[in-house]
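Student: This structure is in structure tokens; I'll ask about it shortly.
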Amino acid sequence: TQLLEQSPQFLSIQEGENLTVYCNSSSVFSSLQWYRQEPGEGPVLLVTVVTGGEVKKLKRLTFQFGDARKDSSLHITAAQPGDTGLYLCAGADRGSTLGRLYFGRGTQLTVWP
Amino acid sequence: DTAVSQTPKYLVTQMGNDKSIKCEQNLGHDTMYWYKQDSKKFLKIMFSYNNKELIINETVPNRFSPKSPDKAHLNLHINSLELGDSAVYFCASSQDQGISPLHFGNGTRLTVT
């Protein structure tokens with residue numbers, strides 16, 4: 010069952026542009042993690058958001074967890090070619106103690122110089 | 004000083020063969036996982052072990068058999084390989100079996116011909 014929907018699936022932009030990637034679900038998650046995956050490598054954690062309405066910033070990246078903990082967004086300001094990669098959101102099942110994370114299908118971001 | 008290492012990086016084999024993928028983590032984590040990433044980049048959990056004990060076993064054909072000789076190692080053996088097994092297999096670890104962030108290896112690209 011696909012619990013997390015990410016949009017857009019593909020995003021191709023020029024260096025310097027801003028963008029937002031969305032991660033939506035009808036389920037409530039106890040926390041949500043964002044990962045970035047580059048070709049030939051495994052996903053690398055960017056951030057974990059836990060509290061509804063929480064906003065976290067990582068340099069030019071801003072992550073927000075929805076008030077109801079069903080959705081999240083990632084906003085990148087002034088994108089750079091180094092931001093290119095597959096962005097994955099992963100939700101932790103509410104109440105789960107088994108470490109079960111549900112991944113979205115990802116947003117493939119390409120930033121052209 | 005690679006945190007999660009898996010071998011081999013690439014595996015090309017014929018249908019019907021048996022193959023193994025090895026994974027080791029030096030982070031001192033208690034929990035290890037196998038994930039499968041299909042051609043559309045969807046990451047799906049296969050197995051999870053906590054301190055050598057199997058805690059998550061998703062709907063995976065019993066041709067796939069994980070083995071954890073100790074908490075730093077989690078291997079995956081696949082019998083009678085099929086074309087549909089072609090994918091990238093990722094090993095990951097986390098500090099505990101809750102919702103701790105995942106540390107992924109760089110993947111093993113399995114191609115069954």
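Order-wise, the sequence lines are chains A and B.
My numbering numbers the first residue of the first sequence as 10 and each following residue consecutively.
My numbering numbers the first residue of the second sequence as 4 and each following residue consecutively.
In this text, a Cβ means the ideal position worked out from N, Cα and C, and glycines have one as well.
Report whether the distance from the Cβ of SER83 of chain B to the nearest heavy atom of the ligand SAM is below 7 Å.
Tutor: Absent from the structure shown: the ligand SAM. Ligands present: none.
Student: Please classify GLN40 of chain B as buried or exposed, where buried requires at least 16 other C-beta atoms within 10 Å of its C-beta.
Tutor: Here residue 40 of chain B refers to the residue found at position 37 of the second sequence. By the neighbour-count rule (16 or more Cβ atoms within 10 Å), GLN40 of chain B is buried.
Student: So GLY115 of chain A and LEU97 of chain A are in contact, right, with Cβ under 8 Å, and what is the actual spacing, rounded?
Tutor: Mapped onto the first sequence, residue 115 of chain A falls at position 106. Mapped onto the first sequence, residue 97 of chain A falls at position 88. Indeed, because the Cβ distance is near 5 Å, the residues count as touching under 8 Å.
Student: Per the DSSP calculation, SER21 of chain A is bridged to which residue(s)?
Tutor: Translated into positions along the first sequence, residue 21 of chain A becomes position 12. Note: SER21 of chain A sits in a beta bridge opposite A:THR119.
Student: So the candidates are A:GLY62, A:LEU55, A:PRO48 and A:SER16; which of them puts its Cα closest to the Cα of GLY110 of chain B?
Tutor: Taking the second sequence and counting its residues from 1, the one referred to as residue 110 of chain B is at position 107. Considering only alpha carbons, the answer is A:PRO48.
Student: Looking at chain B, which residues of the region 58-90 of chain A have a Cβ within less than 8 Å of any of its Cβ atoms?
Tutor: If the cut-off is 8 Å between Cβ atoms, the region 58-90 of chain A has nothing near chain B.
Student: Select from B:VAL91, B:GLY31, B:PRO11 and B:ASP21 the residue whose C-alpha is nearest the C-alpha of SER97 of chain B.
Tutor: Looking up residue 97 of chain B in the second sequence gives position 94. Residue B:GLY31 is the option with its Cα nearest to SER97 of chain B.
Student: Should LEU50 of chain A be flagged as near chain B, meaning a C-beta pair shorter than 8 Å?
Tutor: Locating residue 50 of chain A in the first sequence gives position 41, where the first residue counts as 1. For the sequence presented, residue 50 of chain A should be read as Glu rather than Leu. For GLU50 of chain A, the answer is yes, since a Cβ of chain B falls inside 8 Å of its Cβ.
Student: Give a yes or no on whether the C-beta atoms belonging to LEU55 of chain A and TYR44 of chain A are separated by under 8 Å.
Tutor: Counting from 1 along the first sequence, the entry for residue 55 of chain A is found at position 46. Counting from 1 along the first sequence, the entry for residue 44 of chain A is found at position 35. It is a contact, given that the beta carbons lie within the stated cut-off.
Student: Using a C-beta cutoff of 8 Å, does LYS25 of chain B count as contacting chain A?
Tutor: Counting from one through the second sequence, the residue named residue 25 of chain B turns up at place 22. No, LYS25 of chain B lies away from the interface with chain A (no Cβ there is under 8 Å from its Cβ).
Student: Going by beta carbon distance, what residues of the same chain come within less than 6 Å of THR119 of chain A, once the five residues before and after it are set aside?
Tutor: Counting from 1 along the first sequence, the entry for residue 119 of chain A is found at position 110. SER21 and THR93.
Student: Figure out for me which residue from A:SER34, A:SER81, A:ARG69 and A:PHE112 has the closest Cα to the Cα of GLY25 of chain A.
Tutor: The count along the first sequence starts at 1 and reaches residue 25 of chain A at position 16. Answer by Cα proximity: A:ARG69.
Student: Return the CA-CA distance between ALA77 of chain A and TYR13 of chain B, expressed in angstroms with no decimal places.
Tutor: Locating residue 77 of chain A in the first sequence gives position 68, where the first residue counts as 1. Locating residue 13 of chain B in the second sequence gives position 10, where the first residue counts as 1. Straight-line Cα distance between these residues: approximately 42 Å.
Student: Identify the residues that DSSP records as bridge partners of GLN42 of chain A: which are they?
Tutor: Counted from its first residue, the first sequence places residue 42 of chain A at position 33. Looking at the DSSP assignment, GLN42 of chain A forms a beta bridge with A:THR57 and A:ALA99.
Student: By a C-beta neighbour count over all protein chains shown, 10 Å radius and 16 as the cutoff for buried, is PHE38 of chain A buried or exposed?
Tutor: On the first sequence, residue 38 of chain A is found 29 positions in, with the first residue counted as 1. Buried, because 16 or more other Cβ atoms sit within 10 Å of the Cβ of PHE38 of chain A.
Student: In its own chain, which residues sit with a C-beta less than 8 Å from the C-beta of LYS55 of chain B, not counting the 5 before and 5 after it?
Tutor: Stepping through the second sequence from its first residue, residue 55 of chain B is reached at position 52. The answer, listed in chain order, is SER71, PRO72, ASP73 and LYS74.
Student: Using a C-beta to C-beta distance shorter than 7 Å, which residues of chain A count as neighbours of LYS43 of chain B?
Tutor: As a position in the second sequence, residue 43 of chain B is number 40, starting the count at 1. Near LYS43 of chain B (Cβ distances below 7 Å), the residues of chain A are ARG114.
Student: For a contact meaning CB atoms closer than 8 Å, what does SER40 of chain A contact in chain B?
Tutor: As a position in the first sequence, residue 40 of chain A is number 31, starting the count at 1. Chain B residues near SER40 of chain A: ILE102.
Student: Can you name the start and end residues of the beta strand (DSSP E) that GLN15 of chain A belongs to?
Tutor: Translated into the one-based positions of the first sequence, residue 15 of chain A becomes position 6. GLN15 of chain A -> beta strand (DSSP E) spans 14-16.
Student: Which bits of chain E does GLY108 of chain B rub up against, with CB to CB less than 7 Å?
Tutor: Absent here is chain E; the protein component of the structure consists of chains A and B.
Student: Determine, using beta carbons only, whether LEU118 of chain A comes closer than 8 Å to chain B.
Tutor: The residue you call residue 118 of chain A lines up with position 109 of the first sequence. Output row for LEU118 of chain A: interface = no.
Student: Buried or exposed: ASN29 of chain B, going by 16 or more other Cβ atoms within 10 Å of its Cβ?
Tutor: As a first step, residue 29 of chain B is located in the second sequence; it is residue number 26 there, counting from the start. By the neighbour-count rule (16 or more Cβ atoms within 10 Å), ASN29 of chain B is not buried but exposed.
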